[in-house]
């Protein structure tokens, strides 16, 4: 069964079709890249899947269940995780706190639990801290765990945002330009991390402008232009198709 | 000595107010101009229950907290839909409405005449009527509130509030029900403000609406901003400073007639200097953007 199945999804802004009846399915444990020029509707598509925009038409199924009427936080609860293009770390919190807060199951977020069932909350907090420790090592930021997120480098912030998704137990990772603006050395680090995550059972759908890099790690590539999917296939198929150049260069 | 004790009681009250306001402003990122309204609601509810219906202080206090918290839900649902500047305007509207009701509902509140003869509080049969005993009582209550808020700040709940303050959208994308967190933050803050109101009413034994105006709200906000937000220390420092500073001015032999105005001028200067030199406040952690 496909993890994510999108059928005839459409969204317009003032008559401009940002996403124009797009259909596709994502199999679990794969990396799928969406490439295409600016304004192709890629981020809009992500916002529709994550629930930050309401669709005009079409349906989205996640794990076989229609999620069209669920709020963004409900979708996140089901395992749809989102990495933002502008990262959006919690700037005034430390790297470690950024991870701790992302933990999904936190009874201590209810004040009554925290005050009346402190032992239970404390036990889970301990587990939460251990999980955060594992994740921070995994994203190789353990030396920065007590730094404020705003003091981390751009690439480190991206890693932290990825780590946050791991703490959140997201299964489908929607990554909006995970390597944009990151120094070249760190690009490879981030991509390797993404591959590792998929090995551990995550599923990745990412928007990427660095086409060769995207091709190098993806199982599937979708080429989007003017709200439609113009081309899709394995990286080899897509890169050998003359349509790719046409979409990107308009020739 | 009495003068000093009076100052101490004032500081205790404002520490409660500034700390609870900090939960909204510094921890949740909700800049509000309505904290004095909740303070006033607590004061009036306690007073009416004690004076008109003969309630015991403790019961009146508990009911006043409950009533204020219930009202805060109403305000939350009406105003939390708005973000940023619009939220501030909505709280301003609420502040003005509460004042107008207190001022004009003469049958209930006696409007501008105020309510005199509020009994001093008594707990378990012990009457707290001397200045010294009240300052001790205030100290205990302020410590309880500070302790309670410190627990909240340290809790996973408080941590999620900070995440919401820093980036609401990202918090939503992690599955946090942002609205629910904000509503609870406002409820706790207003409940604490109601406690301060109850203490104020029974301390002064006379209340009228002019004690709960927008000026009061701004004063509380100044304390939080001057002192610093995002931790426990900042608002306390702010409260002490903005209470003690105008009192110190008395020793400068400024005529009483202009002292109040000079106080305002100093606030203004302080705030501006603060924003330039120490945007995170004297002892704060979180910096406004």
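Protein chains in written order, with this note's numbering: chain A, 58 to 308; chain B, 1214 to 1502. Each residue gets a CB set at the ideal place from its N, CA and C atoms; glycine is no exception. As the structure is a computational prediction, the values presented were derived from the model and not from experiment.
>> Measuring alpha carbon to alpha carbon, tell me which residue in B/1335, B/1297 and B/1418 is nearest residue 1242 of chain B.
In response: That would be B/1297, whose Cα lies nearest to the Cα of residue 1242 of chain B.
>> Which residue wins for smallest C-alpha separation from residue 226 of chain A, given the options A/234, A/236 and A/260?
In response: For residue 226 of chain A, the nearest C-alpha among the options comes from A/260.
> Does any C-beta atom of chain E lie closer than 8 Å to the C-beta of residue 1386 of chain B?
Replying inline: In the structure shown, chain E cannot be found, because the protein chains are A and B.
> Beta-carbon separation of residue 77 of chain A and residue 284 of chain A under 8 Å?
Replying inline: Contact: yes.
>> From the DSSP secondary-structure annotation, give me the bridge partner or partners of residue 1266 of chain B.
In response: Answer is none; residue 1266 of chain B lacks a bridge partner.
> If contact means a Cβ-Cβ distance below 9 Å, which residues of the segment 143-157 of chain A contact chain B?
Replying inline: Cβ contacts with chain B come from 144, 145, 146, 147, 148, 149, 150, 154, 155 and 157.
>> Pop quiz: residue 209 of chain A and residue 152 of chain A are said to be a contact at Cβ under 8 Å. What is the actual Cβ separation, rounded to whole angstroms?
In response: Correct: roughly 7 Å between the Cβ atoms.
> According to DSSP, what are the bridge partners of residue 62 of chain A?
Replying inline: A/82 and A/118, per the DSSP bridge assignment.
>> Using beta carbons (cut-off 8 Å, strictly below), is residue 188 of chain A in contact with chain B?
In response: So, not an interface residue.
> So with Cβ pairs under 8 Å, would you call residue 1279 of chain B a contact of chain A?
Replying inline: No, because no Cβ of chain A sits closer than 8 Å to the Cβ of residue 1279 of chain B.
> So, residue 130 of chain A versus residue 1385 of chain B, is the Cβ gap smaller than 8 Å?
Replying inline: It is a contact, given that the beta carbons lie within the stated cut-off.
> Roughly how many angstroms lie between the CA atoms of residue 1417 of chain B and residue 1362 of chain B, to the nearest whole one?
Replying inline: Near 26 Å, if we compare the C-alpha coordinates of residue 1362 of chain B and residue 1417 of chain B.
> Using a C-beta to C-beta distance shorter than 8 Å, which residues of chain B count as neighbours of residue 163 of chain A?
Replying inline: Listed along chain B, the residues sitting closer than 8 Å to residue 163 of chain A by beta-carbon distance are 1369 and 1373.
>> For the segment 1347-1366 of chain B, list every residue whose C-beta sits within 8 Å of some C-beta in chain A, in sequence order.
In response: Those would be 1364 and 1365, in chain order.
> How about residue 230 of chain A and residue 140 of chain A: are their beta carbons less than 8 Å apart?
Replying inline: Yes; because the gap between Cβ atoms is below 8 Å, this pair is in contact.
>> Is the beta carbon of residue 264 of chain A closer than 8 Å to that of residue 88 of chain A?
In response: Not closer than 8 Å, so no.
>> Against residue 168 of chain A, what residues of chain B qualify as contacts under a CB-to-CB distance less than 8 Å, listed in chain order?
In response: Listed along chain B, the residues sitting closer than 8 Å to residue 168 of chain A by beta-carbon distance are 1365, 1368, 1370, 1397 and 1401.
> Rounded C-beta distance between residue 1456 of chain B and residue 1220 of chain B? I'm assuming under 8 Å.
Replying inline: Cβ atoms of residue 1456 of chain B and residue 1220 of chain B come within 8 Å of each other, at about 7 Å.
>> For residue 1288 of chain B and residue 1294 of chain B, what's the separation of their Cα atoms in angstroms?
In response: Distance between the alpha carbons of residue 1288 of chain B and residue 1294 of chain B: 10 Å.
>> With H, G and I counted as helix, E and B as strand and the rest as coil, what does DSSP make of residue 91 of chain A?
In response: Strand.
> Using a beta-carbon distance cut-off of less than 7 Å, what residues from the segment 224-235 of chain A approach chain B?
Replying inline: If the cut-off is 7 Å between Cβ atoms, the segment 224-235 of chain A has 225 near chain B.
>> With a threshold of 8 Å between beta-carbons, can residue 107 of chain A be considered close to chain B, or not?
In response: Yes - at least one Cβ of chain B is within 8 Å of the one on residue 107 of chain A.
> If you draw a straight line from the alpha carbon of residue 111 of chain A to that of residue 217 of chain A, how long is it in whole angstroms?
Replying inline: Taken atom to atom, the span from the alpha-carbon of residue 111 of chain A to that of residue 217 of chain A is near 28 Å.
> Going by DSSP, which residues form a beta bridge with residue 230 of chain A?
Replying inline: Bridge partners of residue 230 of chain A: A/138 and A/261.
>> Here's the rule: buried if 16 or more other CB atoms are within 10 angstroms of the residue's CB, otherwise exposed. What is residue 1334 of chain B?
In response: Result: buried.
> To the nearest whole angstrom, what separates the beta carbons of residue 1450 of chain B and residue 1440 of chain B, a pair I think is in contact under 8 Å?
Replying inline: Confirmed, about 4 Å.
> Would you say the segment 1304-1323 of chain B touches the segment 268-275 of chain A, given that touching needs at least three Cβ pairs under 8 Å?
Replying inline: Contact annotation: the segment 1304-1323 of chain B does not touch the segment 268-275 of chain A, with fewer than three C-beta pairs closer than 8 Å.
> The beta strand (DSSP E) with residue 281 of chain A in it runs from where to where?
Replying inline: Boundaries of the beta strand (DSSP E) harbouring residue 281 of chain A: 277-282, taken from the DSSP string.
> Grouping DSSP H, G and I as helix and E and B as strand, with all else coil, what is residue 176 of chain A?
Replying inline: In the structure shown, residue 176 of chain A sits in a helix (DSSP, three-state: H, G or I).
>> I want to verify the contact list: residues of chain A whose CB lies under 7 Å from the CB of residue 1389 of chain B, in sequence order.
In response: Within chain A, the residues 130 have their CB atoms less than 7 Å from the CB of residue 1389 of chain B, given in chain order.
> Which residues of chain B have a Cβ atom closer than 8 Å to the Cβ of residue 119 of chain A, listed in chain order?
Replying inline: Near residue 119 of chain A there are no residues of chain B at all, since even the closest Cβ is about 14 Å away, more than 8 Å.
> Along chain A, in chain order, which residues have C-beta atoms closer than 7 Å to that of residue 1382 of chain B?
Replying inline: Neighbours of residue 1382 of chain B in chain A, taken as residues whose beta carbon is under 7 Å from its own, are 145 in chain order.
> To the nearest whole angstrom, what separates the beta carbons of residue 65 of chain A and residue 115 of chain A, a pair I think is in contact under 8 Å?
Replying inline: Cβ atoms of residue 65 of chain A and residue 115 of chain A come within 8 Å of each other, at about 4 Å.
> residue 1350 of chain B by DSSP, collapsed to three states: which one?
Replying inline: Residue 1350 of chain B: helix per DSSP, three-state reduction.
> Is there contact here, the segment 1256-1270 of chain B with the segment 1402-1417 of chain B, by at least three beta-carbon pairs under 8 Å?
Replying inline: Cβ pair count under 8 Å is three or more, so yes.
>> For a test of the three-state rule: what should DSSP assign to residue 1425 of chain B, helix, strand or coil?
In response: Residue state, collapsed to three classes: helix.
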